[in-house]
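So the structure is just underneath, and the comments pick up after that.
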Amino acid sequence: MELLYVGLAALGAGLAVLGAGVGVGKIGGSAMDAIARQPEASGKIQTAMIIAAALVEGVALFGVVASLLGVLR
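At position 49 of the sequence shown (counting the first as 1) the number is 71 in this note's numbering, and the numbers step up by one without a gap.
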């Protein structure tokens with residue numbers, strides 16, 4: 023039964039990391055599109071992109087920690 027919990031925790035951590043990768047990829051792609059359309063606003067777009075990517079990474083880290091805490095229950 024313990025192996026089941028470890029497997030589920032690993033699955034949860036993997037899904038959190040996968041979701042973060044997709045999220046950061048979409049943020050980066052959208053930012054590049056926006057910069058291509060409006061190059062004079064690249065500084066503001068880049069700042070917003072970095073903040074959004076940091077928030078996505080924070081949520082992913084929370085998901086990994088929460089899923090790994092499930093092993094310790």
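Cβ coordinates follow ideal geometry from the N, Cα and C atoms, glycine included. Small disclaimer: the values here were computed from a predicted structure and weren't measured.
Evaluate residue i with the Cβ neighbour count: other Cβ atoms within 10 Å of its Cβ, from every protein chain shown; 16 or more gives buried, anything less gives exposed.
i	result
A88	exposed
A31	buried
M54	exposed
A35	buried
A58	exposed
What is the residue span of the alpha helix (DSSP H) that residue i lies within?
i	result
Q60	That residue, Q60, is in no alpha helix (DSSP H); it is neither H nor E in DSSP.
L90	S64 to L91
With distances taken Cα to Cα, identify the nearest neighbour of residue i among the options.
i	options	result
T69	A82, L25 and G50	G50
Is it true that the region 39-47 meets the region 71-79, where meeting means three or more beta-carbon pairs spaced less than 8 Å apart? yes
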